[in-house]
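What follows is a single structure, written as structure tokens, with notes after it.
Protein chains in written order, with the working numbering: chain P, -18 to 265; chain X, -18 to 265; chain V, -18 to 265.
Okay, structure coming up:
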């Protein structure tokens, strides 16, 4: 998609209507999907805020999906409830793309994460990847862990405070195919990593704010870390960041997170093309 | 519109800008209008929530309409005040489509309701149609009653709790052309109906919540009703439903409400085409 | 832009994506930009309300801009903080158009104001222009004062209550090129003006509501003023108005404010064309 001429792209979704249903706030995912749709010549209907919809009048998600699936050729949705996208897919007559369902999964983020790693390292097999921060509620790291288990010889370092460790059932699912180390100590494994995937620690998850105060500063990435990391070490983050990555790192060669965000466009273009793209040249 | 090839449709509103002004929340009406506009190759500007507009700064509706009518070729609007669409039409230099004005009217819903009935029964003349639920504040049933009075020999059963009966002035207006029976007893006339048009009963309308509790269960449609209805009996509902129609009915042949919602697209396409469509092929 | 055929216009931004980021509510500016983009064949992504974005999750404006500048070809933004647009321009890889930054500036409003005056009087040099109302916080009058200083022999009457006078630093900046009279008395200079640019007085700015009560009625423009004004006297207002201009003036030849609002479209079309328009005919 990155190399395709704009004029050719504009024909791929010509005449297609994509519903973009964000029951939960989003900037990056929504805007990059909408940019991808526009780049492909498709049209968007939808909402960015469920307070302006019938959900407010008590309509069930099932009914909303039944209706919208009659208005559009495909539905991109984000919803606060785990499993909502799967449920929608069972009801809908049209394809559903999960743009994030609560703390569960965020598969298109994972596609762009994989693409970002592949583009940078030329491969994913055999890399050492750290995941840092909120591994309990962070849906991006859940989806990425499952995806990395599909490659060969990936080593996974899970670095989180005790209260925010990766759920056991996810570790069970992926541990056959990944070498996993769990720790709360970031420095320990930092020199071994090719990629460190940082996430936002959400203060509100902590039952005791003193506990939050204890850990929050441990996980602020600063320029000093580059003294002990590999030469081609890369930092990723699904964004938005709050203070997990200091601005000082932004201009270093380790900062991969903005390029990662930008990769959301070609990856989502590719996905939409595969699902509802015109197979051959359209004559109008 | 349903049979027209997509590529031909895309030229009808080419270069046209439609303002979609929803001062009140909506999913179905707004999204189906926006899908219709997109299908016809038109462009949309507007808002789905008046809290992000100058209305918040105290601008009058008149001024908003004066301004937007200079930006767009037509205005689709929903507003909480009765009569707002008519007032807008008097001020605007461009056509206004009323997408619902408070408890007053919802004429495009009525166009799709009529189309749905016609498509299913091949006619509207002579049918027996029940209206159920909130007939006092439900703008869809107000508009539909007026519309049915334009046909021949339609029988209308109005089933509502005492507090939510159809306004007398509406009955006065339409009773010359409709045979009307009013009741609060659903079962009584159910076997005679071709169509039952159900609406949402809004709890907040009841001064006494005990009164609401008494009536709300009477009007939940369940599969059992099909034992006493005509063979080709159809249930319609403007949606969203809350619990007026049980899920068990969704897969029966009586469930016309999702098809009804889907008909919003071709009907709104037809309306836009008539009002601002290109009369002949555009050369670009 | 006003004379260009629609079909030709539609090619100017073909394939371009414009991000429309309104961190603060707007009707006029946002809708006229979006109509302009659509008229030029461009596509829009964005938001009209920052509560549905990552700003809510604590993302900095810098990070939002870094990200969106990778998704779109240009960014139109409105933000409540003074200087936010300039800061964004320093970070962004793509052009930024300031759609209003707090009480600071509103340059595209000024472009359309200048265009409106030029179109009406055939010139700007030598005109006598009054500015009325909230000259302290009103960003439109700040930007317009700077712009008028670029012309020859413009006379500026600044009419405001003591608490809402034009900031001294702005007067310092422009007084070399403008003849300025400051007063709180509207009538005094009214007969000399070619244009009176009225603004909304925001009650909430007054520390003492009695002070507000004293001045608010002084500045309501009524039909009577036309008895003492020049023959071709024109009233402008960036809108929305609340009660600064009585409805009675709307149909007089002095009412330029709706035409002024309408001019937002061709002016913004011109600006977008200059910044990211296709230079020559695109072949597809």
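Where a beta carbon is used, it is the ideal one built from N, C-alpha and C, also for glycine.
Start and end residues, alpha helix (DSSP H) containing residue 86/X: Run containing residue 86/X: none; DSSP gives neither H nor E here.
Simplified DSSP state of residue 229/P, which is helix, strand or coil: Residue state for residue 229/P is assigned as helix, using DSSP reduced to three classes.
Host beta strand (DSSP E) of residue 112/X (start-end): Element bounds for residue 112/X: 109 to 113.
Runs of beta strand (DSSP E) lying entirely within the segment -1 to 85 of chain X, each at least 3 residues, in chain order: You should have 24 to 28, 55 to 60, 77 to 82.
Chain X residues whose Cβ lies nearer than 8 Å to that of residue 51/P: Under the 8 Å cutoff, chain X gives 239, 242, 243, 246.
Neighbour list for residue 73/X in chain B, Cβ cutoff strictly below 7 Å: Although the question refers to chain B, the structure presented lacks it and instead comprises the protein chains P, X and V.
Residue 72/P vs residue 98/P beta-carbon contact at 9 Å: No, the Cβ-Cβ distance between residue 72/P and residue 98/P is not below 9 Å.
Residues, ordered as in the chain, of the segment 201 to 230 of chain V that lie near chain X by beta-carbon distance below 9 Å: Only 220, 221, 222, 223, 224, 228 from the segment 201 to 230 of chain V bring a Cβ to less than 9 Å from some Cβ of chain X.
Residue 225/P beta carbon less than 9 Å from that of residue 202/P: In contact: residue 202/P and residue 225/P (Cβ atoms closer than 9 Å).
Any C-beta of chain V under 9 Å from that of residue 254/X: Taking Cβ atoms only, chain V never reaches closer than 9 Å to residue 254/X, which makes this a no.
Nearest candidate by alpha-carbon position, reference residue -1/V, set 54/V, 13/V, 259/V: Here the closest residue by C-alpha is 54/V.
Neighbour-count burial assignment, residue 112/X, 16 or more Cβ in a 10 Å radius: So residue 112/X ends up on the buried side.
Any C-beta of chain X under 9 Å from that of residue 30/V: Yes, residue 30/V counts as interfacial toward chain X.
Neighbourhood of residue 264/X by C-beta, 8 Å cutoff - its chain only, sequence neighbours within 5 removed: For residue 264/X, the predicted model reports a pLDDT of 43, less than 50, meaning its position is unreliable; a value from the coordinates is still stated below. Cβ within range, chain order: n/a, list empty.
Nearest neighbour of residue 230/V, chosen from 24/V, 144/V, 16/V, 205/V [CA to CA]: For the residues 24/V, 144/V, 16/V, 205/V, the minimum Cα distance to residue 230/V belongs to 205/V.
Identity of the residue in 153/P, 9/P, 56/P, 155/P nearest residue 257/P by Cα: Restricting attention to 153/P, 9/P, 56/P, 155/P, the CA atom closest to the CA of residue 257/P is found in 56/P.
Whole-angstrom distance between residue 48/V and residue 243/P, CA atom to CA atom: Taking the straight line joining both Cα atoms gives about 7 Å.
Cβ-Cβ distance between residue 221/X and residue 119/X below 9 Å: Going by C-beta atoms, residue 221/X is not nearer than 9 Å to residue 119/X.
Enclosing alpha helix (DSSP H) for residue 152/X [first to last residue]: That run of the alpha helix (DSSP H) goes 149 to 155.
Interface flag, residue 121/V vs chain X, CB-CB below 9 Å: Against chain X, the CB of residue 121/V has no partner CB under 9 Å away; the residue lies outside that interface.
Chain-order list of residues whose beta-carbon lies under 6 Å from that of residue 16/V (same chain, five-residue window excluded): Exclusion of the five residues before and after residue 16/V leaves 246 as the residues of its chain whose Cβ lies within less than 6 Å of its Cβ.
Straight-line gap, residue 31/X to residue 3/X (C-alpha atoms, nearest Å): Between residue 31/X and residue 3/X, the C-alpha separation is close to 7 Å.
Chain X within 9 Å of residue 57/P, Cβ atoms only: Not one beta carbon of chain X lies nearer than 9 Å to the beta carbon of residue 57/P.
Proximity of residue 171/P and residue 233/P at Cβ, strictly below 9 Å: Cβ atoms of residue 171/P and residue 233/P: not closer than 9 Å.
Under 9 Å between C-beta atoms of residue 159/X and residue 177/X: No.
Helix, strand or coil at residue 209/X according to DSSP, with G and I counted as helix: Coil.
Best match in 215/P, -12/P, 227/P for proximity to residue 108/P [C-alpha to C-alpha]: Of the listed residues, the one whose Cα sits closest to residue 108/P is 215/P.
Contact residues within the segment 164 to 195 of chain X, judged by C-beta distance below 8 Å to chain P: In summary, the residues of the segment 164 to 195 of chain X whose CB is separated from some CB of chain P by less than 8 Å are 181, in the order they occur in the chain.
Within-9 Å CB hit, residue -13/X to chain P: Yes, its Cβ sits closer than 9 Å to a Cβ of chain P.
Within chain X, partners of residue 16/V - CB distance below 7 Å: In chain order: -2, 26, 52, 53.
Cβ-based burial, residue 250/V [other Cβ within 10 Å; buried from 16]: Looking at its Cβ environment, which holds 16 or more other Cβ atoms inside 10 Å, residue 250/V is buried.
Residue 6/X classed as buried or exposed, judged by whether at least 16 other C-beta atoms fall within 10 angstroms: Buried, because 16 or more other Cβ atoms sit within 10 Å of the Cβ of residue 6/X.
Chain-ordered chain X contacts of residue 20/V [CB-CB under 9 Å]: Within chain X, the residues near residue 20/V are -4, -2, 24.
Residues that residue 215/P bridges to, as DSSP identifies them: For residue 215/P, which the question treats as bridged, DSSP gives the partners 176/P.
Beta-carbon neighbours of residue 39/V, restricted to chain P and to distances below 9 Å: What residue 39/V touches in chain P: 181, 221, 222, 223, 224.
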